[in-house]
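**Q** Before I ask anything, here is the structure I am working with.
In UniProt numbering, the protein residues as written are 1 to 261.
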């Protein structure tokens with residue numbers, strides 16, 4: 001059962017009676033004009049709020065803005081709040097997502113790497129590190145082939161959104177709005193590759209999507225790492241018994257063919 005934010009949290013952020021929202025791992029609540037969610041990692045939550053509160057928007061993207069509690073802090077009793085963005089997500093708008101991600105990443109390209117990235121430890125961060133570690137090995141055959149196809153890259157890392165496809169809100173007359181920023185320190189082309197891999201695996205995109213964005217920096221290598229990121233994240237849940245989801249096989253075959261034409 002979902003646990004709503006306590007009344008004193010809702011009041012601290014100026015919200016109304018909370019109702020559950022879809023997504024957000026079942027922990028996100030709409031309270032009037034604010035969205036409330038648990039802040040599992042306070043350093044990251046405060047940092048993200050401070051960056052997005054001050055980030056200028058361009059014609060290519062918008063951002064959900066954070067809301068301060070009555071105390072002036074970005075957090076209250078383990079919760080954070082964001083201004084609700086009208087519209088809807090649509091993970092089939094693949095090209096728009098890649099383009100909006102590019103505009104967002106250009107806007108944050110000069111932001112310094114935060115120290116908390118070294119402290120995060122969850123299945124996503126472990127999978128990310130493994131997918132970039134050229135010495136990492138796995139016994140599962142398809143994963144092993146993808147790992148073996150990687151090569152060193154020189155693309156410059158920066159702050160990026162590592163889960164963009166389902167975290168853009170679309171509304172008529174407005175650019176796509178970025179929500180739920182999952183920060184990673186990787187090349188911008190890697191973030192685009194994660195978007196493309198998600199579209200291929202789960203949302204009906206075809207191989208032409210890969211080709212349309214093939215001018216991205218070190219594209220094939222970024223796609224391999226993005227594919228591994230998603231697969232190894234799944235594997236973290238079922239160590240010892242994990243087998244890749246059937247949706248991964250055709251996409252992996254496409255990427256391996258690009259890596260070894």
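No residue lacks a Cβ here, since even glycine has one placed at the ideal position from N, Cα and C. Because the structure is a prediction, the values reported are computed rather than measured.
If you follow the beta strand (DSSP E) that residue 158 is part of, which residue opens it and which one closes it?
**A** For the purposes of this step, residue 158 is taken as the residue at position 158 of the chain shown. 158-161 is the span of the beta strand (DSSP E), which, as asked, contains residue 158.
**Q** Only counting runs of 3 or more residues, tell me where the beta strand (DSSP E) segments fall wholly within the region 155-199, in order along the chain.
**A** The qualifying runs are 158-161, 168-170 and 183-186.
**Q** Mind checking which residues open and close the beta strand (DSSP E) that includes residue 263?
**A** Only positions 1 to 261 of the chain appear in the structure, and residue 263 is not among them; the question remains open.
**Q** Leaving out five residues before and five after residue 75 in sequence, what residues of the same chain have Cβ atoms less than 8 Å from its Cβ?
**A** As a first step, residue 75 is located in the chain shown; it is residue number 75 there, counting from the start. Answer for residue 75: 39, 42, 45, 46 and 69, listed in chain order.
**Q** Going by CA-CA distance only, name the one from 179, 2, 31 and 21 that's closest to residue 10.
**A** The residue labelled residue 10 in the question sits at position 10 within the chain shown. Among 179, 2, 31 and 21, the Cα nearest to that of residue 10 belongs to 31.
**Q** Under the rule that 16 or more other beta-carbon atoms within 10 Å means buried, what is residue 198, buried or exposed?
**A** As a working mapping, residue 198 is identified with position 198 in the chain shown. Residue 198 should be labelled buried.
**Q** In three-state DSSP terms, what is residue 57?
**A** To locate residue 57, count along the chain shown from 1; it is residue 57. Residue 57 falls in the coil class under three-state DSSP.
**Q** Indicate whether the contact test is met: 3 or more Cβ pairs, each with one atom in the region 72-91 and one in the region 168-179, closer than 8 Å.
**A** Yes, the region 72-91 touches the region 168-179.
**Q** Using the Cβ count rule (16 or more neighbours within 10 Å means buried), how would you classify residue 144?
**A** Translated into positions along the chain shown, residue 144 becomes position 144. Exposed, by the Cβ-count rule.
**Q** If distances are taken between C-alpha atoms only, which option among 79, 116, 134 and 121 comes closest to residue 3?
**A** Position 3 of the chain shown holds residue 3. The shortest Cα separation from residue 3 among 79, 116, 134 and 121 belongs to 79.
**Q** So, at 7 Å on beta carbons, what are the nonlocal neighbours of residue 20 in its own chain, with the 5 sequence-adjacent residues on each side left out?
**A** Reading the chain shown from its first residue, position 20 is the one you call residue 20. The residues are 2 and 29.
**Q** Can you tell me which residues form a DSSP beta bridge with residue 63?
**A** Walking along the chain shown from the start, residue 63 turns up at place 63. Per DSSP, 178.
**Q** Please check the pair residue 181 and residue 48, which I expect to be a contact at CB under 8 Å, by giving their CB distance rounded to whole angstroms.
**A** As a working note, residue 181 is residue 181 in the chain shown. As a working note, residue 48 is residue 48 in the chain shown. Contact flag correct, Cβ pair sits at about 6 Å.
**Q** Could you check how far apart the C-beta atoms of residue 82 and residue 67 are, in whole angstroms? I think they sit under 8 Å.
**A** Walking along the chain shown from the start, residue 82 turns up at place 82. Walking along the chain shown from the start, residue 67 turns up at place 67. Confirmed, Cβ separation roughly 6 Å.
**Q** Please name the residue, chosen from 178, 216 and 128, that lies closest to residue 53 on a Cα-to-Cα basis.
**A** Position 53 of the chain shown, counting from 1, holds the residue named residue 53. Minimum Cα distance to residue 53 is reached at 178.
**Q** Looking at C-alpha atoms only, which residue of 37, 108 and 12 is the closest neighbour of residue 51?
**A** Sequence index remark: in the chain shown, residue 51 carries index 51 (1-based). Closest option to residue 51, Cα to Cα, is 108.
**Q** Would you kindly report the start and end of the unbroken beta strand (DSSP E) that includes residue 83?
**A** Mapped onto the chain shown, residue 83 falls at position 83. Where residue 83 is concerned, the enclosing beta strand (DSSP E) stretches over 79-83.
**Q** The beta strand (DSSP E) spanning residue 30 covers which residue range?
**A** The count along the chain shown starts at 1 and reaches residue 30 at position 30. That run of the beta strand (DSSP E) goes 29-31.
**Q** Using the three-state DSSP reduction, which class does residue 258 fall into: helix, strand or coil?
**A** The residue labelled residue 258 in the question sits at position 258 within the chain shown. Three-state DSSP puts residue 258 in a helix.
**Q** In the DSSP assignment, the beta strand (DSSP E) including residue 35 goes from what residue to what residue?
**A** Against the chain shown, residue 35 aligns to sequence position 35. Counting along the chain, the beta strand (DSSP E) containing residue 35 begins and ends at 34-38.
**Q** Return the first residue and the last residue of the alpha helix (DSSP H) that residue 227 is part of.
**A** Working through the chain shown from its first residue, we reach residue 227 at position 227. Segment 219-235, the alpha helix (DSSP H) holding residue 227.
**Q** State the beta-bridge partners of residue 89 as determined by DSSP.
**A** Residue numbering aside, residue 89 sits at position 89 when the chain shown is read from its first letter. Its beta-bridge partners are 169.
**Q** What does DSSP give as the partner residue(s) for residue 20 in the beta ladder?
**A** For this step, residue 20 is matched to residue 20 along the chain shown. The partner list for residue 20 (beta bridge, DSSP) reads 29.
**Q** How big is the Cα-Cα spacing for residue 34 and residue 8?
**A** On the chain shown, position 34 is the one that residue 34 refers to. On the chain shown, position 8 is the one that residue 8 refers to. Cα to Cα, the separation comes out at about 14 Å.
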